[in-house]
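Sequences listed follow chains V and X, in order. For the first sequence, my numbering begins at 4 and goes up steadily by one. For the second sequence, my numbering begins at 32 and goes up steadily by one. Glycine is no exception: its CB is placed at the ideal position from the N, C-alpha and C atoms.
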Amino acid sequence: MSIQSPKVDVSVTPNSSRAARLRFWARGLFLLAVGAPLVLSPLRARGQAAGTPAAEPNAVQIDVKLVIGGGTIKNNSVGTLSVAGNSLQFATGKAQLDIPAPSILDISTHEDSRQNITGAAHFATMAIPYGGGRALALFSHEVDVLTVEFKDTNGGYHGAVFVLPQGQAAPFKKQLVARGAKATLPLAEPGSDNK
Amino acid sequence: MTHHTRSTVSVGFPIVLACTLLLMAGSLLGQAKPVPKPVPMFSASAIQIEPPDPGDVPMPAEFRMAIYESLIAHIEKTGKFRHVYRSGDKDAAAVPDLVTLRTTAQAFKKGSQKKREVTTVTGATSMTLKVNITDHAGKTILDRNVKGQVHFMGENLRATYDFASRVADIITEKFYTAGHTTER
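Laid out in structure tokens, this is it:
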């Protein structure tokens, strides 16, 4: 019976540690090579932008409801409202409404609230017993209403009413006024009823 | 003898009653039917819609615009006019028999959709506007107050749809279809 002492190969240890150190440095260099451009590029861009004044980005808002006044676009269509070039654009998947800013006679914004459950689902809630449907009517959310009055090329007067998420109407009014649209009420501080 | 008299009365009374009723019915039918007053009807090939005048009534812009656009859509749908012109349309001036529709706010109460749907008795949105239609010479041919309201279901702006629908009904009732020739 013999007791074997555990073998420790000491001769291998210096070589393996050197290899590990080399692998570590190689990995570090690789990460530095890959990461440096990624880290530095925003700095460079920021440095470039610092020289010139930053232009205000055009207002864009998705999921805007055109309540009425879209001409060929159906009432209550949902689409993207944006300030593009010198005009206000509302685009759905099928059609687009383009209102040049100088043709706008008045813009007004207003805060309102809308029910969370609308359409067919709303009718379905009426079937909930014990007044459950009425209880669901308590859930609503605040919205901004943007009303635009404008003239077409033939002089015809139009009105369009858009519903946007809360606090999103004011930037549109501000940018359109800057592009030549008229507004009887000036843009007031946020929180007031009519801006 | 008494029994005989009683039976005569019991048989005779319904006959007399029936005869009386028949005579009354006959006399009523024989009377000449009252001739309904002829309702004045108008004819025009085109109408121009002016935007609502809020007057002294504080009516939000979205309601005014919704009334205006709803009126145009509903009046076009009646098919009574060849052209429905918007306010300011340059082509309207050339139409000789153009009529103009103007609306002036008389009353406006903005309700709450939430209140309406929860309570079913409060929160109604209602509006009353004076509807005035004039001919090309400026003579008034129709002038009346029309109400629009939403009592239970729907958003507040639905009251404008209700108003426009009622105005369209009046126009359907009062105007011949464009190109109609009256019998002489």
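Tell me which residues share the same chain as residue i and place their Cβ nearer than 8 Å to its Cβ, disregarding the 5 neighbours each side in the sequence.
i	result
X/Thr171	Asn163, Ile164, Thr165
X/Glu204	Val70
V/Glu114	Glu145, Val146, Asp147, Val148, Gln169, Asp196
X/Leu53	none
V/Thr187	Asp109, Ser111
V/Asn89	Pro103, Ala104, Pro105, Arg182, Gly183
Return no unless some Cβ of chain X is closer than 8 Å to the Cβ of residue i.
i	result
V/His113	yes
V/Leu190	no
V/Asn157	yes
V/Ile76	no
V/Thr95	no
V/Gly170	no
V/Ile107	no
V/Val180	no
V/Gly82	no
V/Val70	yes
V/Glu145	no
V/Val67	no
V/Val164	yes
V/Val148	yes
V/Glu152	yes
Using only CA atoms, which one of the options lies nearest to residue i?
i	options	result
X/Asp200	X/Ser74, X/Leu102, X/Pro71	X/Leu102
V/Ile102	V/Lys68, V/Leu179, V/Arg117	V/Leu179
V/Thr75	V/His161, V/Asp109, V/Glu145, V/Asn61	V/His161
X/Thr99	V/Val164, V/Trp28, V/Lys185	For clarity, residue 99 of chain X is Tyr in the given sequence; the question names Thr instead. When each option's Cα is compared against that of X/Tyr99, the closest is V/Val164.
X/Leu173	X/Leu132, X/Thr191, X/His167	X/Leu132
V/Ile110	V/Ala98, V/Thr83, V/Pro132, V/Asp147	V/Asp147
X/Arg147	X/Tyr116, X/Glu186, X/Asn176, X/Phe206	X/Glu186
V/Phe153	V/Ala29, V/Leu108, V/Lys185	V/Leu108
V/Thr95	V/Arg24, V/Val86, V/Ile65, V/Gly88	V/Ile65
X/Lys141	X/Ala190, X/Ala97, X/Asn176, X/Lys121	X/Ala190
V/Thr156	X/Ala104, X/Lys121, X/Ala97	X/Lys121
With a CB to CB cut of under 7 Å and the five nearest residues on each side skipped, what residues in its chain are close to residue i?
i	result
X/Arg95	Pro82, Pro83, Pro85
X/Ser118	Gln79, Ile80, Glu81, Pro82
X/Ala138	Val88, Met158, Thr159
X/Ser143	Gly154
V/Gly72	His161, Gly162, Ala163, Val164
X/Pro127	His167
X/Ile202	Ile106, Thr109, Lys111
Chain V beta carbons: is any one of them nearer than 8 Å to that of residue i?
i	result
X/Leu54	no
X/Asp200	no
X/Gly169	no
X/Glu107	no
X/Lys205	no
X/Ala49	no
X/Ala92	yes
X/Leu188	yes
X/Lys161	no
X/Lys121	yes
X/Ser196	no
X/Ala124	no
X/Lys140	no
X/Pro82	yes
X/Ser101	yes
X/Lys145	yes
X/Met96	yes
Tell me, to the nearest whole angstrom, how far the beta carbon of residue i is from that of residue j; I am working on the premise that it is less than 8 Å.
i	j	result
V/Gly183	V/Pro105	4 Å
V/Ser143	V/Ser116	5 Å
X/Leu188	V/Val70	6 Å
X/Arg113	X/Ala168	About 20 Å separates the two Cβ atoms, so there is no contact after all.
X/Glu93	V/Thr150	5 Å
V/Val67	V/Leu84	4 Å
X/Tyr207	X/Met55	Not quite, the Cβ-Cβ distance comes to about 41 Å (not below 8 Å), so this is no contact.
X/Ala75	X/Ala209	7 Å
X/Ala123	X/Tyr116	4 Å
Can you give me the Cβ contacts of residue i inside the same chain, cut-off strictly under 6 Å, excluding the 5 residues immediately before and after it?
i	result
X/Thr135	Asp84, Gly86, Lys161
X/Met90	Ala136, Phe139
V/Pro174	Ala62
V/Val86	Asn61, Ala62, Gln178
X/Val192	Residue 192 of chain X is actually Tyr in this sequence, not Val. So the qualifying residues of the chain are Ser101.
V/Pro132	none
List, in chain order, every chain B residue whose beta-carbon is nearer than 8 Å to that of residue i.
i	result
X/Arg117	Judged by its chain identifiers, the structure shown contains no chain B, and its protein chains are V and X.
Assess, as a yes-or-no matter, whether the region 147–157 of chain X is touched by the region 172–186 of chain X under the definition of 3 or more beta carbon pairs within less than 8 Å. Using a C-beta cut-off of 8 Å, the region 172–186 of chain X makes contact with the region 147–157 of chain X, since at least three inter-stretch Cβ pairs fall below that distance.
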